[in-house]
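Presented below is the structure to which this report refers.
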Amino acid sequence: MEPWMKISLILSVYGVIKEFRPSEPFVTKYLNNPPMNFTIDQINVDIYPVSIYSSMILLVVMFLITDMLRYKPIIIINSLASVTVYIMLIVCRSLFEVQVLEVFYGFIIACDVAYYTYIYATVSVSHYQEVSGYTRAAYLVGRCISGITSQILVFIGFSYYFLNIFTLGGMCLSLIWALILPPVPRSIYFHRERDNGKSDNGDDTNVLEQTEVDCVTFLKRGLSRLWKDFISAYSNLYVVKWAFWWAVGTCAYYQILTYIQPLWEQVILENHITGYLTQLNGIVEAIYTILSAVVAFYCGKLKINWSRYGEVLLTVCSFIFAGILFALSELDNIWLSHAAYVLYTILFNGMITIAASEVAKCINLDSHGLVFGINMFVALVMQSLLTYFIVDYLNLDPRQQFVSYGIYYCVAGIIFGTTSLYSLCKKR
5 MEPWMKISLI LSVYGVIKEF RPSEPFVTKY LNNPPMNFTI DQINVDIYPV
55 SIYSSMILLV VMFLITDMLR YKPIIIINSL ASVTVYIMLI VCRSLFEVQV
105 LEVFYGFIIA CDVAYYTYIY ATVSVSHYQE VSGYTRAAYL VGRCISGITS
155 QILVFIGFSY YFLNIFTLGG MCLSLIWALI LPPVPRSIYF HRERDNGKSD
205 NGDDTNVLEQ TEVDCVTFLK RGLSRLWKDF ISAYSNLYVV KWAFWWAVGT
255 CAYYQILTYI QPLWEQVILE NHITGYLTQL NGIVEAIYTI LSAVVAFYCG
305 KLKINWSRYG EVLLTVCSFI FAGILFALSE LDNIWLSHAA YVLYTILFNG
355 MITIAASEVA KCINLDSHGL VFGINMFVAL VMQSLLTYFI VDYLNLDPRQ
405 QFVSYGIYYC VAGIIFGTTS LYSLCKKR
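Sequential numbering of the sequence shown, starting at 5, is according to this note's numbering.
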């Protein structure tokens, strides 16, 4: 097996294991029932927003130090934070303790940048497209296995509490696997020179050189390279257009992943739904992840001139997403609500595959990790603002929140529709 394939396989296995969290599809139910006993309003307003705000703040730090520390230490810290979260979820009971737990969960989200960019520092640029697909597929496969496992455990009688124990076992395994990940001998920005040649006596001349420069110079060199790649990528309006949708879509996607369970709890409560219909979250997650993987795979192979039709696609999809979210805000049938959610997630994963592919075509090959990190940061900033306005300031219930998310996509659709019309008129 070629070295790059071996590294990709090891990282992909880690990606599957780190997403093995059987408790996640039912975390709202766990928090809402004994022994936790938080209200849906507390979960909506006092608990979930903490991870959103903390992930935005922590991502700034993680983004800057991930390349400097050469990825693997951040991946290990990510796994340690995951273990901490699920230990706390098992033993903590007070609101304050759970809010601290959410800070650690935000840390996990922020550290994901290391998982997605590690591979770019360990393989040749000629394999970037392939390995990008592997890391995304590993994420979806891990969530699919997690969903199936959680559904089976719930159906055979395990409590939501015990799902946390199974998840903790998975996180401990992810920590062990993180420790065996190959170390990164170079990084993209701060340790680039270490790939260069050696002197006649076998010493790495660049290591010696690096010991002679002070820390400030070292940082300046890395930040200078980072800034040049940033300017190169985002001075291209075509990249900006797709990256903007990438950030806009990711913001809404994360928000919907966070608040879909409270919406379903409201639907169940209002319509007095009982029995197994209240416990389908795991199978819903399994279905949407496996179908998303299939759709993303085929979207990555589409031979369409997106430079010509891209703005139309972004406009139409934004309005389709808005329609789905408006429907989710009104549906009383839990089956239809699940189906609408699955449809949204499948379409989003197809669109994000196209967006990432179009961006990748127009940037320096070494800039993939940088662009991913910046787009993620913009998405989390937007998500934090959205959460503050909709959840904290307006204090909307789940149904009203999804109306707001639909309006959000309508605004995005209007923006892209306007740019599409402008481009069309300009060509004429």
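Backbone N, C-alpha and C define an ideal beta-carbon position, used for all residues, glycine too. Nothing here was measured: the structure is a model prediction, and the numbers come from that model.
Query	Result
Would F67 and T88 be called neighbours here (beta carbons separated by less than 8 Å)?	no
With DSSP collapsed to three states, give me the class of Q155.	helix
If you follow the alpha helix (DSSP H) that N309 is part of, which residue opens it and which one closes it?	Here N309 belongs to no alpha helix (DSSP H), and DSSP marks it neither H nor E.
Assign F381 to buried or exposed, taking buried as 16 or more other Cβ atoms, counted over all protein chains shown, within 10 Å of its Cβ.	buried
Between Y122 and L15, is the Cβ-Cβ spacing less than 8 Å?	yes
Skipping 5 residues on each side, what residues in its chain have a beta carbon closer than 6 Å to that of T282?	I272
Does the count of Cβ pairs from the region 164-178 and the region 11-29 closer than 8 Å reach three?	yes
Anyone know if the C-beta pair for M9 and G226 falls short of 8 Å?	no
By the DSSP assignment, the alpha helix (DSSP H) with D71 in it spans what residues?	52-72
Along the chain, where does the alpha helix (DSSP H) that runs through P77 open and close?	76-95
Would you decide whether L99 is buried or exposed? Buried here means 16 or more other CB atoms lie within 10 Å of its CB.	exposed
Could you please give the first and the last residue of the uninterrupted alpha helix (DSSP H) stretch that includes H131?	Neither: H131 is in no alpha helix (DSSP H) and is coded neither H nor E.
Between N379, G377, Y412, which lies nearest to I394 when the distance is taken from Cα to Cα?	Y412
Can you check whether the CB of Y132 is closer than 8 Å to the CB of L374?	no
Which of helix, strand or coil does DSSP assign to Q283?	coil
Which residue marks the beginning of the alpha helix (DSSP H) containing F42, and which one marks its end?	Per DSSP, F42 belongs to no alpha helix (DSSP H) and is neither H nor E.
I'd like the span of the alpha helix (DSSP H) that includes G473, first residue to last.	Only positions 5 to 432 of the chain appear in the structure, and residue 473 is not among them; the question remains open.
Return yes when the Cβ of A297 is within less than 8 Å of the Cβ of I152, no when it is not.	no
Given Y18, which residues of its chain have a CB within under 7 Å of its CB, disregarding the five upstream and five downstream residues?	S178, W181, A182, L185
Check the C-beta distance from N48 over to P266 and give it rounded, since I have them as a contact under 8 Å.	5 Å
Whether or not the region 314-329 and the region 395-404 are in contact is what I'm after, with contact meaning three or more pairs of Cβ atoms, one per stretch, closer than 8 Å; do they touch?	no
Would you decide whether Y193 is buried or exposed? Buried here means 16 or more other CB atoms lie within 10 Å of its CB.	buried
If I measure Cβ to Cβ from A416 and keep anything under 6 Å in the same chain, skipping five residues before and after, which residues do I get?	V252, S322
Using C-beta distances below 6 Å, list every residue in its chain close to Y124, excluding the 5 sequence neighbours before and after it, in chain order.	H372, G373
If I measure Cβ to Cβ from V288 and keep anything under 6 Å in the same chain, skipping five residues before and after, which residues do I get?	H342
If we call anything under 8 Å between Cβ atoms a contact, is C115 one with A85?	yes
Report yes if the C-beta distance between E106 and V54 is below 8 Å; otherwise report no.	yes
Quick one: Cα of G469 to Cα of I160, how far?	Outside the displayed range of the chain (5 to 432) lies residue 469, so it cannot be described from this structure.
Kindly indicate which residue of A118, S311, Y119, D50 has the alpha-carbon position closest to the one of D241.	At residue 241 the sequence reads Leu, which differs from the Asp that was named. With distances taken between Cα atoms, L241 lies closest to S311.
Taking CB distances under 8 Å as the criterion, tell me whether C219 reaches chain D.	Checking the listed chains, one finds no chain D in this structure; it contains a single protein chain.
Measure the beta-carbon distance from L76 to P187 and round it to whole angstroms, keeping in mind my assumption that it falls under 8 Å.	The question names Leu, but residue 76 is Lys in the sequence shown. Sure, about 6 Å apart at Cβ, within 8 Å.
If the criterion is Cβ atoms closer than 8 Å, does the pair C255 and Q387 meet it?	yes
Go ahead and pull the three-state DSSP assignment for E6.	coil
Are the CB atoms of V117 and L62 within a distance shorter than 8 Å?	no
Locate the alpha helix (DSSP H) running through A251, then write down its first and last residues.	241-274
Terminal residues of the continuous alpha helix (DSSP H) containing L340?	338-365
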